[in-house]
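Okay, structure first, notes after.
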Amino acid sequence: MINKKELRKEVRLLKKQYSDEQLKELSYSTIRKLLELSYVKEAKTIVLYCSLPDEVYTLDAIHALKDMGKKILLPAVTSETEMELREYNNDNDLRIGYFNILEPCGKPFFNYEEIDVAIIPGMGFDKTGNRLGRGKGYYDRFLSKAKDARKIGICFPFQLFEHIPTDIHDIKMDMVLS
Numbered sequence: 229m230i231n232k233k234e235l236r237k238e239v240r241l242l243k244k245q246y247s248d249e250q251l252k253e254l255s256y257s258t259i260r261k262l263l264e265l266s267y268v269k270e271a272k273t274i275v276l277y278c279s280l281p282d283e284v285y286t287l288d289a290i291h292a293l294k295d296m297g298k299k300i301l302l303p304a305v306t307s308e309t310e311m312e313l314r315e316y317n318n319d320n321d322l323r324i325g326y327f328n329i330l331e332p333c334g335k336p337f338f339n340y341e342e343i344d345v346a347i348i349p350g351m352g353f354d355k356t357g358n359r360l361g362r363g364k365g366y367y368d369r370f371l372s373k374a375k376d377a378r379k380i381g382i383c384f385p386f387q388l389f390e391h392i393p394t395d396i397h398d399i400k401m402d403m404v405l406s
């Protein structure tokens, strides 16, 4: 059985077969499916993320959800081991943070019980909702606090696997879209 480190390496190689523009194109159908979900349409507070070039492109979804009147929360990495959520108001609030990821500059958000939906990236997912992250544990620590949020993993089709190795601290997704 393949371990997490080997699987991450495999996914990185798969991603390198595509240009940033091709990955952005591949993102559109996933984002369209996401925006059509009843859970997302009914949600008031949604956690999303500003995508890296090798992740499902999310900026258009952030704008669309904000235009629908949703409260959008985005992660901001505060140290090598921690991230916090901050409310997104508009693109003027965004700055480059840790790992060259766009992050909002606002105040931290700690009312985890208000989060209806959390849309989570991953290096890979399996059919039962297991997620392989980048290995820092940021999202698993956050999701352990947002217990009532519906967790939706999003990825490219080539990031879906039969089985993702897991550890005790890994948090499962309720649904995976690709």
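In terms of this note's numbering, the sequence shown opens at residue 229 and continues consecutively. C-beta atoms are modelled at their ideal positions from N, C-alpha and C, and glycine is treated no differently.
- Item | Uninterrupted beta strand (DSSP E) stretches inside the segment 292 to 372 (no shorter than 3 residues) | 299 to 305, 311 to 316, 322 to 324, 330 to 332, 345 to 348, 352 to 354
- Message: I'd like the list of long-range same chain contacts for lysine 243, defined as Cβ closer than 6 Å, with 5 residues on each side in sequence excluded.
- Response: Here residue 243 corresponds to residue number 15 of the sequence shown, with the count starting at 1. Asp282, listed in sequence order.
- Query: Would a C-beta distance cut-off of 8 Å place proline 303 and tyrosine 316 closer than the cut-off?
  - Reply: For the purposes of this step, residue 303 is identified with residue 75 of the sequence shown, where counting begins at 1. For the purposes of this step, residue 316 is identified with residue 88 of the sequence shown, where counting begins at 1. In this structure, tyrosine 316 does not lie closer than 8 Å to proline 303 by Cβ.
- Give the DSSP-derived three-state secondary structure of lysine 272 in the structure shown. For the purposes of this step, residue 272 is taken as residue 44 along the sequence shown, with counting starting at 1. Lysine 272: coil per DSSP, three-state reduction.
- Query: Nearest-angstrom Cα distance between lysine 355 and isoleucine 392?
  - Reply: On the sequence shown, residue 355 is found 127 positions in, with the first residue counted as 1. On the sequence shown, residue 392 is found 164 positions in, with the first residue counted as 1. Distance between the alpha carbons of lysine 355 and isoleucine 392: 9 Å.
- Start and end residues, alpha helix (DSSP H) containing lysine 252: As a working mapping, residue 252 is identified with position 24 in the sequence shown. Run containing lysine 252: 248 to 264, per the alpha helix (DSSP H) assignment.
- Item | Counterpart residues of lysine 379 in DSSP-defined beta bridges | Looking up residue 379 in the sequence shown gives position 151. Per DSSP, Ala346.
- Item | Cβ neighbours of leucine 388 in the same chain (closer than 8 Å, five flanking residues each side left out) | Position 160 of the sequence shown holds residue 388. Cβ contact annotation for leucine 388 (same chain, cutoff 8 Å, sequence separation greater than five): Gly352, Phe353, Asp354, Lys355, Val404, Ser406, in chain order.
- Ignore the nearest five residues each way along the sequence and tell me which others in aspartate 376's own chain have a CB closer than 7 Å to its CB. One-based indexing of the sequence shown puts residue 376 at position 148. Cβ within range, chain order: Glu341.
- Item | Residue interval of the alpha helix (DSSP H) (run including valine 239) | Translated into positions along the sequence shown, residue 239 becomes position 11. Counting along the chain, valine 239 sits inside the alpha helix (DSSP H) bounded by residues 232 to 243.
- Any idea if tyrosine 277 is buried or exposed, counting beta-carbon neighbours within 10 angstroms, 16 or more meaning buried? Along the sequence shown, one-based indexing puts residue 277 at 49. Tyrosine 277 comes out buried.
- Task: Take the Cβ of threonine 309 as the centre, count every other Cβ of all protein chains shown within 10 Å, and call the residue buried at 16 or more, exposed below.
- Result: Here residue 309 refers to the residue found at position 81 of the sequence shown. Exposed, since its Cβ has fewer than 16 Cβ neighbours within 10 Å.
- Item | Extent of the continuous beta strand (DSSP E) run through leucine 280 | As a working note, residue 280 is residue 52 in the sequence shown. Taken as a continuous stretch (DSSP letters only), leucine 280 belongs to no beta strand (DSSP E), as it is neither H nor E.
- Query: Is the segment 264 to 272 touching the segment 284 to 299 in the sense that three or more CB pairs, one from each, lie closer than 8 Å?
  - Reply: yes
- Is there at least one non-hydrogen atom of the ligand NAP closer than 7 Å to the beta-carbon of leucine 313? With respect to the ligand NAP, the structure shown offers nothing to examine, as it has no ligands at all.
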